[in-house]
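There are 2 protein chains.
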Amino acid sequence: MAGQVRTMATGGRAAGWKSVYDVLSKDILSLTLAPGELLDEMSLSRRFGFSRSPIREALIRLAGDGLVVTLPNRTTIVTPVDIVQFPKYVDALDIAQRVNTRLAAELRTEADLKAIAEAQVDFVAAIGSGDHLAMSGTNKAFHMAIARAGRNSYMMNFYERLLDEGRRILHLHFDYIERTRDGRLLTDEHEDMIDAIRARDVERADRLAHMHTRQFRDNFLDFLRMNYASSVDLGTPRS
Amino acid sequence: MAGQVRTMATGGRAAGWKSVYDVLSKDILSLTLAPGELLDEMSLSRRFGFSRSPIREALIRLAGDGLVVTLPNRTTIVTPVDIVQFPKYVDALDIAQRVNTRLAAELRTEADLKAIAEAQVDFVAAIGSGDHLAMSGTNKAFHMAIARAGRNSYMMNFYERLLDEGRRILHLHFDYIERTRDGRLLTDEHEDMIDAIRARDVERADRLAHMHTRQFRDNFLDFLRMNYASSVDLGTPRS
DNA sequence: TGTCGATCAATTGTCGACAATAGGTCGACA
DNA sequence: TGTCGACCTATTGTCGACAATTGATCGACA
Chain A
1 MAGQVRTMAT
11 GGRAAGWKSV
21 YDVLSKDILS
31 LTLAPGELLD
41 EMSLSRRFGF
51 SRSPIREALI
61 RLAGDGLVVT
71 LPNRTTIVTP
81 VDIVQFPKYV
91 DALDIAQRVN
101 TRLAAELRTE
111 ADLKAIAEAQ
121 VDFVAAIGSG
131 DHLAMSGTNK
141 AFHMAIARAG
151 RNSYMMNFYE
161 RLLDEGRRIL
171 HLHFDYIERT
181 RDGRLLTDEH
191 EDMIDAIRAR
201 DVERADRLAH
211 MHTRQFRDNF
221 LDFLRMNYAS
231 SVDLGTPRS
Chain B
1001 MAGQVRTMAT
1011 GGRAAGWKSV
1021 YDVLSKDILS
1031 LTLAPGELLD
1041 EMSLSRRFGF
1051 SRSPIREALI
1061 RLAGDGLVVT
1071 LPNRTTIVTP
1081 VDIVQFPKYV
1091 DALDIAQRVN
1101 TRLAAELRTE
1111 ADLKAIAEAQ
1121 VDFVAAIGSG
1131 DHLAMSGTNK
1141 AFHMAIARAG
1151 RNSYMMNFYE
1161 RLLDEGRRIL
1171 HLHFDYIERT
1181 RDGRLLTDEH
1191 EDMIDAIRAR
1201 DVERADRLAH
1211 MHTRQFRDNF
1221 LDFLRMNYAS
1231 SVDLGTPRS
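Top line first, the protein sequences correspond to chains A and B. Counting from 1, one number per residue, gives the positions in the first sequence under the numbering used here. Counting from 1001, one number per residue, gives the positions in the second sequence under the numbering used here.
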């Protein structure tokens, strides 16, 4: 490490583990730390300039969030993105997205609408900036604002966890989305959802949420279907 | 503390935090450790006979599970049972129960059915034993066997977290249930669910799951409605 | 060449000490 | 009597050291 990152955290105690947690969380969500990558305490201790205790505490908290995997006497790893589980992920996201968006259409206040609209403005700005981490972060913030309007913390927490996994999946194929979608990234769908919530149209909100999940799924499947490699003629295999 | 509980854990390292985690987890779920109760590291260190590090690690893991609340520089507390949120909890449990039970009816194998049936046998035995912790534990295990048959780990994890909270709520009113239900505790409903899953009757499984949630809700609301106090005549308030 | 046991180094889990924090108590003052 | 500041104590957060674990390497042997 060329230099230590000894973050001067604002606020008092717990500045150790929290600063480590925040940085690692961001790095994992943005795929700066790749799925499966090793996170050993000694390296992190040298990198952040804290002793191993706050490092360990940050890692345990990240494990609680599902972002890393810790096993006894083993080096912690960044949680792998399990593509085989993608269909299960999509099914769960669909449920969470539909329930939270329905609840928002049912229970929203004027203040909620304002917050959702502001989150969408931030999202559109992030799209313009080209900053992938900001894009995935403001997308999540938009959906969290909707979930907040739905007023069920259990459903919201479930949704948040799924959205975080979705952020990592998004980062796997941002380049692809930008090339094939003129960088649009589903902004129209967000606007439609806002309209349905404003109109208290629960069924429409549900349908839009469902379509939103399907779009996300189809984007990723298209990405997986893509063949990046140059055409290489290996000849016809002999049987 | 009259004597130390220095548990001789099987297996190697991580025996420190894990044994603390297991004991505290059980105590919290059974309400032996009451909601809101303080868990200070020094006392736990003396109680379990470990230094504070594994205690802290266990507490951070318990916080990740939602069983305790840790804040910087504050003594950790057992997560309160928030009765105001009970309706939100029931709505979320309803979704999770229905989705997992539907999926089980759709995707179950013969091995799944066997596992579910065995879990129900354990549950019935626990009812007979009168051991509240075993009753709530085997009830959870029954529903987890169903969720396993549904094959969506995201929905299963969500359900598990809700069932754990439900265990604590169950422990709040076990005596009441036993007095008013002849200790039956919904065993017939479990059998009906097994039948629907065996028959791959997805819609019936869904309905039964929904009724199961409603029954749980109604039991608890009846319990809250009960007046335990002896009748005390304070006279008619003067306006 | 493959297998096994011994050794070593780098990690992880825990220990106890030190420093920082927060709440309670006490005395002074208005 | 209520408020404020100083002091004290018991906690929490972090430190660095020690012991345990694990994987890699090496040498011996068949």
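Ideal Cβ placement from N, Cα and C applies to all residues, glycine included. All values derive from a computational prediction rather than experimental measurement.
CA nearest to the CA of residue i, picked from the options
{"i": "B/ILE1177", "options": "B/PRO1072, B/ASP1222, B/ALA1096, B/GLU1041", "result": "B/ASP1222"}
{"i": "A/ASP27", "options": "A/ALA105, A/ASN100, A/HIS171", "result": "A/HIS171"}
{"i": "B/VAL1068", "options": "B/PRO1035, B/PRO1054, B/VAL1090, B/PHE1220", "result": "B/PRO1035"}
{"i": "A/ARG102", "options": "A/ASN152, A/ILE127, A/ALA117, A/ASP65", "result": "A/ASN152"}
{"i": "B/ASP1065", "options": "B/SER1136, B/ASP1082, B/ASN1157", "result": "B/ASN1157"}
{"i": "B/THR1138", "options": "B/LEU1062, B/ALA1125, B/ARG1061", "result": "B/ALA1125"}
{"i": "B/LEU1224", "options": "B/VAL1020, B/LEU1062, B/LEU1208, B/PHE1174", "result": "B/PHE1174"}
{"i": "B/ALA1119", "options": "B/ASP1040, B/TYR1021, B/HIS1190, B/ARG1217", "result": "B/HIS1190"}
{"i": "A/ALA145", "options": "A/ARG204, A/LEU107, A/PRO87", "result": "A/LEU107"}
{"i": "B/MET1226", "options": "B/THR1079, B/ILE1194, B/THR1180", "result": "B/THR1180"}
{"i": "A/THR79", "options": "A/VAL90, A/LEU62, A/PHE86", "result": "A/LEU62"}
{"i": "B/TRP1017", "options": "B/LEU1031, B/LEU1029, B/PHE1050", "result": "B/PHE1050"}
{"i": "B/TYR1159", "options": "A/ALA96, A/SER136, A/MET211", "result": "A/ALA96"}
{"i": "B/MET1135", "options": "B/ILE1169, B/ILE1083, B/ARG1148", "result": "B/ILE1169"}
{"i": "B/SER1030", "options": "B/ARG1207, B/PHE1142, B/TYR1089, B/LEU1133", "result": "B/LEU1133"}
{"i": "A/THR109", "options": "A/ARG148, A/ASP206, A/GLU37, A/THR32", "result": "A/ARG148"}
{"i": "B/MET1042", "options": "B/LEU1033, B/LYS1088, B/ALA1199, B/THR1075", "result": "B/THR1075"}
{"i": "B/THR1070", "options": "B/LYS1088, B/PRO1087, B/ARG1047, B/GLU1037", "result": "B/GLU1037"}
{"i": "B/PRO1072", "options": "A/ALA15, A/MET193, A/ILE127, A/ASP192", "result": "A/ALA15"}
{"i": "A/HIS143", "options": "A/LEU208, A/SER129, A/LEU33, A/PHE86", "result": "A/LEU208"}
{"i": "A/ILE127", "options": "A/ASP22, A/ASP188, A/ASP206", "result": "A/ASP188"}
{"i": "B/ARG1194", "options": "B/LEU1033, B/VAL1121, B/PHE1086, B/PHE1048", "result": "According to the sequence displayed, residue 1194 of chain B carries Ile and not Arg. When only C-alpha atoms are compared, the closest one is B/VAL1121."}
Residues that residue i contacts on chain B, provided the C-beta gap is smaller than 8 Å
{"i": "A/ILE95", "result": "ILE1095, VAL1099, MET1155"}
{"i": "A/ALA92", "result": "ASN1152, TYR1154, MET1155, PHE1158"}
{"i": "A/GLY64", "result": "ILE1060, ARG1061, ALA1063, GLY1064, ASP1065"}
Supposed close pair residue i, residue j - CB separation, criterion 8 Å
{"i": "B/LEU1093", "j": "B/ILE1197", "result": "Actually they are not in contact, since the Cβ atoms of B/LEU1093 and B/ILE1197 sit about 18 Å apart, beyond 8 Å."}
{"i": "B/ASN1100", "j": "B/MET1155", "result": "5 Å"}
{"i": "B/ILE1077", "j": "B/LEU1039", "result": "7 Å"}
{"i": "B/LYS1140", "j": "B/LEU1162", "result": "In fact, because the Cβ distance is near 10 Å, the residues do not count as touching under 8 Å."}
{"i": "B/ASP1201", "j": "B/ALA1105", "result": "6 Å"}
{"i": "A/GLY150", "j": "A/PHE216", "result": "About 19 Å; that fails the 8 Å criterion."}
{"i": "A/SER45", "j": "A/ILE60", "result": "Not really, about 15 Å apart at Cβ, beyond 8 Å."}
{"i": "B/HIS1210", "j": "B/ARG1098", "result": "6 Å"}
{"i": "A/ALA58", "j": "A/VAL20", "result": "4 Å"}
{"i": "B/VAL1311", "j": "B/THR1213", "result": "This structure cannot settle anything about residue 1311 of chain B, because the visible part of chain B is limited to 1001 through 1239."}
7 Å Cβ cut-off: residues of chain A touching residue i
{"i": "B/LEU1162", "result": "TYR154"}
{"i": "B/TYR1176", "result": "Result: empty, since nearest Cβ-Cβ is about 24 Å, beyond 7 Å."}
Residue i: contacting residues in chain A (beta-carbon distance under 8 Å)
{"i": "B/TYR1021", "result": "Correct list: empty, because the minimum Cβ distance to chain A is about 11 Å."}
Where residue i meets chain B, residues with beta-carbon distance less than 9 Å
{"i": "A/LYS88", "result": "ARG1151, ASN1152, SER1153, TYR1154, MET1155"}
Residue i: CB within 7 Å of a non-hydrogen atom of the ligand HEM
{"i": "A/ARG148", "result": "Looking at this structure, you won't find the ligand HEM or any other ligand, since it has none at all."}
Exercise. Can you give, in chain order, each stretch of the alpha helix (DSSP H) that sits fully within the segment 1146-1230 of chain B and has at least 4 residues?
Worked result: Taking only runs of at least 4 residues, the alpha helix (DSSP H) segments lying wholly in the segment 1146-1230 of chain B are 1153-1172, 1174-1181, 1187-1198, 1202-1225.
For this session: Any chance you could list the alpha helix (DSSP H) runs of at least 4 consecutive residues sitting entirely within the segment 1050-1088 of chain B, in chain order?
Result: Correct list: 1052-1064.
Exercise. Going along the segment 1026-1060 of chain B in order, which residues come within less than 9 Å of chain A, judged by CB to CB distance?
Worked result: Listed in chain order, the positions of the segment 1026-1060 of chain B with a beta carbon within less than 9 Å of a beta carbon of chain A are SER1053, ARG1056, GLU1057, ILE1060.
Exercise. Name the residues in the segment 116-143 of chain A whose C-beta lies less than 9 Å from a C-beta of chain B; which are they?
Worked result: Per Cβ criterion, the list is empty.
Exercise. Listed from N- to C-terminal order along the chain, which residues in the segment 75-86 of chain A have their beta-carbon within a distance smaller than 8 Å of any beta-carbon of chain B?
Worked result: Here the close residues are GLN85.
Problem set entry | Contiguous beta strand (DSSP E) assignments of at least 3 residues, all confined to the segment 100-134 of chain A | Counting whole runs of 3 or more residues, the segment 100-134 of chain A contains no beta strand (DSSP E) stretch at all.
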